[in-house]
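Trainee:
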Amino acid sequence: MTIEEVLKFKEENNKPPRAKSVHDVLRLVEEYLVYMTKNGGRVSFNFSLEYSREKGNYLRLSSSGKCPRAIAYSVIYQFEEQEEIKDLSPRAISIFQMGHALHELERALISEVNELVSVEDTVYLEVDDYKIPGHIDGVLKLEDRDVIIDIKTVNERTFNEFKKEPREDYVKQLNAYMYATGIKEAYLWVYNKNTSNRMIVPILYSEKVVEEVIDNFRKAIRGIKGELPERPYQYRIEDLGNGLVVKTLPWQCSYCAFTQICWPDFKLFTEGGKVRYIKVEEDEGATQEDSELWL
């Protein structure tokens, strides 16, 4: 269908039609943007600022691919998503909020050209005595089937990485959604915040991945009850000579909200806009001057 045919169908039926594939939906969204602009259309934003300090159980399916210790800490210390922003500078927070705005815009565009249902529906994954909730972006009603769609807004580097392989945490998150809904077909709708390019990334359903997600949450639940799981990531060791050894945490730990709780002996350094945690150790051969060059 052309975008003109889609809009005519929507006018006559009070809802958009169903495309053959997710890639057709992407094509129609981009055609609609051009059509809208040529015909005097514009995007109207209605923002509202809301505050909430409600506390509760923060086990979420969006955490499916996270470190089980971090998941446990998020419940123990009652951390919400906004509190996980590592850099609380106005710039970092603005980047975070812009991602939310673009996310909502993409979902609105999709809804204009294809039937999209179950928007923000809560689904549950049961692990032991816990019902872990998750919110899906929506279910696309295609011509012959339903598929889950999950919108991600990413930077240029991550966008290019997605061309090769989707991130493991997103694969686990989408598998959790597929298992919870019974819909065994899901796609990432990826928006490049640097270039405004879009692409579709299919996520295959895997029983093995689902088992990994359940096991991850099971470890986190034990951690909430007081038995913290082993750290899944370890530091890298670099011998600098002069009796000095530097231990550096991997990026997964450096950008975690709970680094200073989990690794209290490591110190935060920011270099070229990148965050990292290091610990300098010395033996008897090291001098105080050697150590101060690093600390």
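Note that the sequence shown covers residues 61 to 355 in the numbering used here. Idealized CB from N, CA, C, for every residue including glycine.
When the Cα atoms are used, what is the spatial distance from leucine 200 to leucine 248?
Mentor: 12 angstroms
Trainee: Give me the residue from Ala152, Tyr92 and Lys307 with the minimum Cα distance to glutamate 342.
Mentor: Lys307
Trainee: Apply the 10 Å Cβ neighbour rule to glutamine 142 and answer buried if 16 or more other Cβ atoms are within range, or exposed otherwise.
Mentor: With a pLDDT of 44 at glutamine 142, under the threshold of 50, the modelled position of that residue is not reliable, and no figure is offered here.
Trainee: Sort Asn106, Tyr239, Leu162 and Val305 by Cα distance to asparagine 215 and report the nearest one.
Mentor: Leu162
Trainee: Considering only the beta carbon of each residue, do histidine 195 and threonine 213 sit closer than 8 angstroms?
Mentor: Going by beta carbons, histidine 195 and threonine 213 fall outside the 8 angstroms limit.
Trainee: Spatial neighbours of glutamate 166 within its chain, please: CB distance less than 6 angstroms, with the 5 preceding and 5 following residues excluded, ordered by chain position.
Mentor: Ile211 and Tyr251
Trainee: Count the other CB atoms within 10 Å of the CB of tyrosine 184; is the residue buried (16 or more) or exposed (fewer)?
Mentor: exposed
Trainee: DSSP three-state label for aspartate 299, please.
Mentor: strand
Trainee: Please name the residue or residues paired with alanine 280 in a DSSP beta bridge.
Mentor: Looking at the DSSP assignment, alanine 280 forms no beta bridge with any residue, so it has no partner.
Trainee: If arginine 78 and glutamate 175 are in contact, beta carbons under 8 angstroms, what's the gap, nearest whole angstrom?
Mentor: 6 angstroms
Trainee: Quick one: is asparagine 235 buried, meaning 16 or more other Cβ sit within 10 Å of its Cβ, or exposed?
Mentor: Flag for asparagine 235 reads buried.
Trainee: For lysine 201, list the residues DSSP reports as bridge partners.
Mentor: Asp206
Trainee: With a threshold of 8 angstroms on Cβ separation, who are the neighbours of tyrosine 230 within its own chain once the five nearest residues in sequence on each side are excluded?
Mentor: Gly125, Asp210, Lys212, Leu248 and Ile263
Trainee: With a 10 Å radius around its C-beta and 16 neighbouring C-beta atoms as the bar for buried, classify arginine 102 as buried or exposed.
Mentor: It counts as exposed.
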